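Chemist: Input: one structure, supplied below.
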Amino acid sequence: MEPGDIIMAETNFGCGSSREIAPISIMGSGISCVIAKSFARIFFRNAINIGLPLLDCSEVVDGTKTGDILEIDLEAGLIKNATTGLTYKAAPYPDFISELINAGGLIEYTKRKIEERK
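Here our numbering = 1-based position in the sequence shown + 3.
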């Protein structure tokens with residue numbers, strides 16, 4: 004793996020782990036985003052809480068091959084396969100989730116909110 008790599012996965016990715024160490028390990032290995040057909044709900048929440056971006060998009064999983072270069076716009080939910088020229092649309096995050104990810108996770112988000120109140 005190289006820093007910035009993306010994991011492409013099938014359905015219910017992250018099932019079986021209710022601990023935050025699973026997404027922490029993925030993020031710690033340099034993965035920049037996980038794109039899957041679906042995610043286990045607790046894994047999804049844990050990943051968002053640590054600031055690991057996840058995108059739910061079956062079409063890109065089916066239409067991407069190992070080695071393809073992807074460009075991701077999290078705000079818009081757009082995934083462009085620079086290798087094939089195809090663009091896919093994932094559901095964009097609600098504003099609150101975007102804020103959590105952009106802050107680097109729930110802890111950093113909370114620290115910023117506390118500082119803003121001072």
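Cβ atoms here follow ideal geometry from the backbone N, Cα and C, with glycine treated the same way. Just so you know, these numbers come straight off a predicted model, no measurement behind them.
Any chance you could list the beta strand (DSSP E) runs of at least 3 consecutive residues sitting entirely within the stretch 6 to 82, in chain order?
Modeler: 9 to 12, 36 to 39, 57 to 59, 73 to 76
Chemist: Let me make sure I understand the geometry here. Which of P56, S20, E102 has the alpha-carbon closest to that of M30?
Modeler: P56
Chemist: Compute the beta-carbon to beta-carbon distance between I10 and I82, rounded to the nearest angstrom, for a pair I have assumed lies under 8 angstroms.
Modeler: Between I82 and I10 the Cβ distance is about 13 angstroms, and since that is not below 8 angstroms, they are no contact.
Chemist: Mapping DSSP to helix, strand and coil, what is Y96?
Modeler: coil
Chemist: How long is the line joining the alpha carbons of D98 and G70, rounded to whole angstroms?
Modeler: 31 angstroms
Chemist: Indicate the three-state DSSP secondary structure (helix, strand or coil) for T113 in the structure shown.
Modeler: helix
Chemist: Which value, in whole angstroms, describes the spacing of the CA atoms of A3 and S61?
Modeler: Here the chain comprises residues numbered 4 to 121, so residue 3 is not present and cannot be evaluated.
Chemist: Taking the straight line between their C-alpha atoms, what separation do you get for L89 and S32?
Modeler: 27 angstroms
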